[in-house]
Amino acid sequence: MASEEISVTKLREALSKRLGTEVPLSVAMRAFNESAYCYHLIASRTNPLWLSLLFSQASSAVQVIPSQVQLPISSSVTNFVSSIIHWASDGFKTVNHTTFLKRWTACQECPSLVDPPKHFLYHLGRKIMGAKNGDHRVCSACGCLAYSKAKITTESCPMAHPSHPQITRWFEQMM
0 MASEEISVTK LREALSKRLG TEVPLSVAMR AFNESAYCYH LIASRTNPLW
50 LSLLFSQASS AVQVIPSQVQ LPISSSVTNF VSSIIHWASD GFKTVNHTTF
100 LKRWTACQEC PSLVDPPKHF LYHLGRKIMG AKNGDHRVCS ACGCLAYSKA
150 KITTESCPMA HPSHPQITRW FEQMM
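Here is the structure:
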(Lines of atoms letter the chains of each structure in order from A; the text may use other names.)
(Lines give C-alpha, C1' and ligand atoms only; values in the text may rest on other atoms or scores of the structure.)
Protein backbone atom coordinates (compact mmCIF):
# COMPACT_ATOMS: atom_id res chain seq x y z
CA MET A 0 0.00 0.00 0.00
CA ALA A 1 2.82 2.43 0.82
CA SER A 2 4.36 2.11 -2.66
CA GLU A 3 0.95 2.80 -4.25
CA GLU A 4 0.54 5.94 -2.11
CA ILE A 5 4.02 7.11 -3.13
CA SER A 6 3.16 6.52 -6.78
CA VAL A 7 -0.13 8.42 -6.50
CA THR A 8 1.72 11.25 -4.74
CA LYS A 9 4.38 11.40 -7.45
CA LEU A 10 1.74 11.31 -10.17
CA ARG A 11 -0.18 14.10 -8.41
CA GLU A 12 2.95 16.26 -8.25
CA ALA A 13 3.83 15.59 -11.89
CA LEU A 14 0.28 16.32 -13.06
CA SER A 15 0.11 19.52 -10.99
CA LYS A 16 3.33 20.70 -12.60
CA ARG A 17 2.26 19.67 -16.13
CA LEU A 18 -1.27 21.10 -15.84
CA GLY A 19 -0.15 24.29 -14.09
CA THR A 20 -2.68 23.91 -11.29
CA GLU A 21 -3.02 21.98 -8.04
CA VAL A 22 -4.45 18.54 -8.79
CA PRO A 23 -6.88 17.21 -6.16
CA LEU A 24 -6.05 13.83 -4.66
CA SER A 25 -9.24 12.30 -6.13
CA VAL A 26 -8.09 13.34 -9.62
CA ALA A 27 -4.62 11.84 -9.08
CA MET A 28 -6.12 8.61 -7.76
CA ARG A 29 -8.38 8.21 -10.79
CA ALA A 30 -5.47 9.08 -13.13
CA PHE A 31 -3.37 6.47 -11.32
CA ASN A 32 -6.05 3.81 -11.86
CA GLU A 33 -7.19 4.84 -15.37
CA SER A 34 -4.51 5.71 -17.88
CA ALA A 35 -7.14 7.02 -20.34
CA TYR A 36 -8.32 9.55 -17.75
CA CYS A 37 -4.69 10.57 -17.17
CA TYR A 38 -4.24 11.03 -20.91
CA HIS A 39 -7.36 13.21 -21.15
CA LEU A 40 -6.10 15.40 -18.31
CA ILE A 41 -2.83 16.03 -20.12
CA ALA A 42 -4.53 16.54 -23.47
CA SER A 43 -6.85 19.14 -21.86
CA ARG A 44 -4.10 21.09 -20.08
CA THR A 45 -4.60 24.19 -22.24
CA ASN A 46 -8.39 24.15 -21.98
CA PRO A 47 -9.55 25.25 -18.49
CA LEU A 48 -13.18 24.34 -19.22
CA TRP A 49 -12.36 20.73 -20.14
CA LEU A 50 -9.92 20.45 -17.24
CA SER A 51 -12.60 21.67 -14.83
CA LEU A 52 -15.04 19.13 -16.24
CA LEU A 53 -12.50 16.31 -15.85
CA PHE A 54 -11.72 17.41 -12.28
CA SER A 55 -15.44 17.38 -11.44
CA GLN A 56 -15.77 13.81 -12.73
CA ALA A 57 -12.81 12.42 -10.78
CA SER A 58 -14.92 10.34 -8.45
CA SER A 59 -17.10 8.79 -11.17
CA ALA A 60 -15.47 5.72 -12.66
CA VAL A 61 -16.12 4.47 -16.16
CA GLN A 62 -18.40 1.46 -16.09
CA VAL A 63 -17.41 -1.48 -18.28
CA ILE A 64 -19.83 -4.33 -18.77
CA PRO A 65 -17.77 -7.52 -18.35
CA SER A 66 -19.57 -9.38 -21.14
CA GLN A 67 -18.56 -6.66 -23.63
CA VAL A 68 -14.87 -6.36 -22.84
CA GLN A 69 -12.73 -9.05 -21.29
CA LEU A 70 -9.52 -7.46 -20.02
CA PRO A 71 -6.94 -10.13 -19.35
CA ILE A 72 -4.68 -9.68 -16.35
CA SER A 73 -1.37 -9.61 -18.12
CA SER A 74 2.10 -8.27 -17.75
CA SER A 75 1.47 -5.98 -20.73
CA VAL A 76 -1.22 -4.05 -18.84
CA THR A 77 0.95 -3.85 -15.74
CA ASN A 78 3.96 -2.73 -17.78
CA PHE A 79 1.92 -0.08 -19.59
CA VAL A 80 0.47 1.43 -16.41
CA SER A 81 3.87 1.33 -14.69
CA SER A 82 5.46 3.02 -17.69
CA ILE A 83 2.86 5.80 -17.69
CA ILE A 84 3.36 6.40 -13.96
CA HIS A 85 7.15 6.39 -14.30
CA TRP A 86 6.90 8.76 -17.28
CA ALA A 87 4.57 11.06 -15.32
CA SER A 88 7.01 11.18 -12.41
CA ASP A 89 9.66 12.34 -14.90
CA GLY A 90 7.42 15.14 -16.17
CA PHE A 91 6.30 13.43 -19.41
CA LYS A 92 9.63 14.21 -21.09
CA THR A 93 10.45 12.90 -24.55
CA VAL A 94 13.83 12.28 -26.12
CA ASN A 95 15.28 14.61 -28.74
CA HIS A 96 14.63 13.85 -32.41
CA THR A 97 18.10 12.35 -33.03
CA THR A 98 17.73 9.92 -30.12
CA PHE A 99 14.23 9.01 -31.24
CA LEU A 100 15.43 8.27 -34.80
CA LYS A 101 18.28 6.11 -33.48
CA ARG A 102 15.89 4.15 -31.27
CA TRP A 103 13.15 3.80 -33.87
CA THR A 104 15.61 2.69 -36.56
CA ALA A 105 16.87 -0.03 -34.20
CA CYS A 106 13.26 -1.11 -33.55
CA GLN A 107 12.51 -1.33 -37.26
CA GLU A 108 15.52 -3.61 -37.77
CA CYS A 109 14.61 -5.85 -34.82
CA PRO A 110 12.89 -9.21 -35.39
CA SER A 111 10.83 -8.58 -32.23
CA LEU A 112 8.86 -5.79 -33.95
CA VAL A 113 5.57 -7.41 -34.92
CA ASP A 114 2.00 -6.52 -35.80
CA PRO A 115 -0.13 -5.99 -32.70
CA PRO A 116 -2.67 -8.59 -31.64
CA LYS A 117 -6.26 -7.80 -32.56
CA HIS A 118 -7.11 -6.82 -29.02
CA PHE A 119 -8.93 -3.92 -27.41
CA LEU A 120 -5.94 -3.07 -25.18
CA TYR A 121 -3.62 -2.32 -28.08
CA HIS A 122 -6.21 -0.09 -29.71
CA LEU A 123 -6.66 1.75 -26.41
CA GLY A 124 -2.90 2.04 -25.95
CA ARG A 125 -2.55 3.67 -29.37
CA LYS A 126 -5.25 6.18 -28.46
CA ILE A 127 -3.69 6.99 -25.09
CA MET A 128 -0.20 7.37 -26.51
CA GLY A 129 -1.40 9.39 -29.48
CA ALA A 130 0.24 7.12 -32.07
CA LYS A 131 -0.46 9.15 -35.19
CA ASN A 132 2.25 7.91 -37.52
CA GLY A 133 0.32 4.86 -38.66
CA ASP A 134 2.94 2.39 -37.39
CA HIS A 135 1.21 0.49 -34.63
CA ARG A 136 3.60 -2.45 -34.37
CA VAL A 137 4.57 -3.74 -30.97
CA CYS A 138 7.68 -5.19 -29.42
CA SER A 139 7.06 -8.89 -28.84
CA ALA A 140 9.71 -8.87 -26.10
CA CYS A 141 7.81 -6.42 -23.86
CA GLY A 142 4.42 -5.83 -25.51
CA CYS A 143 4.95 -2.06 -25.87
CA LEU A 144 3.87 0.15 -28.74
CA ALA A 145 7.37 0.50 -30.15
CA TYR A 146 7.01 3.85 -31.96
CA SER A 147 5.64 5.55 -28.84
CA LYS A 148 8.05 3.81 -26.48
CA ALA A 149 11.04 5.02 -28.51
CA LYS A 150 10.03 8.64 -27.75
CA ILE A 151 9.84 8.33 -23.95
CA THR A 152 12.89 9.25 -21.86
CA THR A 153 12.11 6.79 -19.07
CA GLU A 154 11.84 3.79 -21.38
CA SER A 155 14.52 1.36 -22.49
CA CYS A 156 14.74 -1.50 -24.92
CA PRO A 157 14.43 -4.87 -23.18
CA MET A 158 16.59 -6.64 -25.76
CA ALA A 159 20.36 -6.93 -25.62
CA HIS A 160 22.21 -5.93 -28.77
CA PRO A 161 23.10 -9.13 -30.68
CA SER A 162 26.82 -8.33 -30.87
CA HIS A 163 27.17 -6.26 -27.67
CA PRO A 164 25.22 -7.91 -24.82
CA GLN A 165 26.08 -5.13 -22.34
CA ILE A 166 23.99 -2.61 -24.31
CA THR A 167 20.45 -2.64 -25.70
CA ARG A 168 19.42 -2.69 -29.32
CA TRP A 169 18.97 1.07 -28.85
CA PHE A 170 22.73 1.26 -28.12
CA GLU A 171 22.01 2.28 -24.53
CA GLN A 172 23.15 0.74 -21.25
CA MET A 173 21.21 -2.36 -20.22
CA MET A 174 18.95 -1.64 -17.22
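Using the numbering used here, you'd call the opening residue of the sequence shown number 0 and step up by one each time. Where is the CB? At the ideal position from N, CA and C, for every residue including glycine. As the structure is a computational prediction, the values presented were derived from the model and not from experiment.
Under DSSP, A159 shares a beta bridge with T167. The C-beta of T167 has 16 or more other C-beta atoms within 10 Å across all chains shown, which makes the residue buried.
When Cβ pairs closer than 8 Å are counted between the two stretches, the region 12-28 is seen not to touch the region 102-112, the count staying below three. Inter-residue distance for K9 and A57 is about 18 Å (C-alpha atoms, whole angstroms).
8 Å or more divides the Cβ of C141 from the Cβ of I83. In this structure, the CA atom of M158 is about 11 Å from the CA atom of E171. Secondary structure of V137 (DSSP, three-state): strand. In this structure, the beta-carbon distance from A13 to S88 falls below 8 Å. The C-beta of K150 has 16 or more other C-beta atoms within 10 Å across all chains shown, which makes the residue buried. E154 counts as buried, since no fewer than 16 other beta carbons sit within 10 angstroms of its beta carbon. Residue pairing by DSSP places L144 opposite V137 in a beta bridge. By the criterion of a C-beta distance shorter than 6 Å, K148 is surrounded in its chain by E154, once the five residues flanking it on both sides are discounted. V26 has no beta-bridge partner at all, per DSSP.
Close CB contacts of K16 within its chain, under the 8 Å cut and outside five residues either way in sequence, are with G90 (chain order).
For V7, the secondary structure class from DSSP, reduced to helix, strand or coil, is helix.
For K101, the enclosing alpha helix (DSSP H) stretches over residues 96-108. Of the candidates T152, L123, P110, the residue whose Cα lies closest to the Cα of N95 is T152.
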